[in-house]
Amino acid sequence: MKILVINAGSSSLKFQLFDMENEKVIAKGNCEKIGLDGSFIGYKTKGEKVEKIVDMPNHTIAVENVFKILTDKNDGVINSLDEISAIGHRFVQGGWLFDKSVLVDDEVIQKLEMLKDLSPLHAFANMAGVKGCLSVMPHTPQVIVFDTSFHATMPAKAYMYGIAYEDYEKYHVRKYGFHGTSHRYVLGKCAELLNKEKKDINAITVHIGNGSSITCIKNGKSIDTTMGLTPLEGLIMGTRSGDLDPSVVSYLSEKKGQTATEVVSYLNKKCGILGISGVSSDMRVINDAIKEGNERAKLALDMLKYRVKKYIGSYIAVLGKVDAIIFTGGIGENQEDLREEALENMEELGIIIDKEKNNSLPRGTIEEISTKDSKIKVFRIPTDEELLIAKDTKELVEKNNIKCLTNKL
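Count along the sequence shown from 1, add 416, and you get the number used in the working numbering.
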């Protein structure tokens, strides 16, 4: 079985084609600047990297070009689109309506329309990817995997905000959490390493990248997470502010002469690591700036480390017994000083890391970085959200014995 995974952004579309017999990627790529001048596709098939300038005015045309690449006589890896058994899509927001991955049908599409206000930019992009695929392959089963669904098990005391209850009921204002696919994937790998069932594991998963979140997992289920109604809450991120006093929005709105919407856009796109450092949101650039003595770059990284440490400590208190702490995401996997300082002086809590090993990890491998004496295991586990999406897609299609879907879209 071959499964195509699509991750559509507002002006981009990432894709990976998996052979599920061995769970190997046989083609992958990215369509960039969709709807903009200078759009192009970069992809890798048969071990070769290729980049082509292609006019892509919308996501449907982008999808058509992806299919052309996959079936190309020279660069392609399949002879016909009929070889693709199903398509899996990443969706950021499932809201209060979806607590698990679902097969796409008309009812699902209608429900997703109800969630647009919660995440307008992501919702438009995610839906564009689905509709683009439906227009080209209308009878191929499609599955949506939600970033929020893993967090649907949070209790009300964790997901509720301190607002009037009737506004929660009317407008569904609550914490939803994100990065659930990544947190779920690394939890599964951790279960394999500990030789335990996921239901028997208490863990803290630390996904640090351009977007970052930490999840508190009890008995294999998410019971709290740092992101909220939107991905803006929680840790300082590449361009997002993370936690702040809500009054900051009205205060900045008045001082800057901007609407609340404009201020929230500013908090999402011009703050965080970028805003504090004044240099970049890219941690590689930040590290170089720190080596050159840039104090603002150092402050930005220190603020990130501090918040990671603070949330880990609070989640240890919530869980009581912790089996593992897992670092993942581009920064979590590769920033050794962040891992070390986030867990520094936690020996009394049962965490002892092997500093020498932590500082010399090869890239892309699963590693334990805690010592034998550490009561809580600490792992570095590279995430693979696309593979988990492919697995969910395969499972749903096989469970429902579906070979063909007819949609009215």
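No residue lacks a Cβ here, since even glycine has one placed at the ideal position from N, Cα and C. Since the structure is predicted, the reported quantities are computational estimates derived from the model, not experimental observations.
For D435, DSSP records a beta bridge to K418, K440. CA-CA distance, T781 to T744, rounds to 11 Å. The Cβ atoms of V508 and F566 do not sit closer than 8 Å to each other. DSSP places A478 in the helix class (H, G or I) of the three-state scheme.
Close CB contacts of S428 within its chain, under the 7 Å cut and outside five residues either way in sequence, are with N446, C447, E448, I450 (chain order).
Separation of G454 and I469 (C-alpha to C-alpha, rounded to the nearest whole angstrom) is 7 Å. Around the CB of S426, fewer than 16 other CB atoms lie within 10 Å, so the residue is classed as exposed. Selection K430, K489, K460 evaluated against H475 yields K430 as nearest (Cα-Cα). Unbroken beta strand (DSSP E) runs of no fewer than 3 residues, entirely contained in the segment 555-616, are found at 558-562, following chain order.
Excluding its 5 nearest sequence neighbours in each direction, L720 has C-beta neighbours in its own chain below 6 Å: I652, listed in chain order. Partner residues in the beta bridge of A619, as assigned by DSSP, are I633, A740. A direct Cα-Cα distance of roughly 29 Å separates V441 from K637. In the structure shown, R656 adopts coil according to DSSP, grouped into three states. With contacts defined by Cβ atoms closer than 8 Å, T597 and L804 form a contacting pair.
In the three-state DSSP reduction, S535 falls in the coil class, being neither helix nor strand.
Partner residues in the beta bridge of G445, as assigned by DSSP, are F431, Y459. Taking C-alpha positions only, E499 is separated from I457 by approximately 22 Å. Between G504 and V421, the C-beta gap is smaller than 8 Å, which places the two residues in contact. Restricted to the segment 481-549, the alpha helix (DSSP H) segments that are unbroken, complete and at least 4 residues in length are 522-529, listed in chain order. Closest by C-alpha distance to S535, out of E811, T799, G510, M553, is G510.
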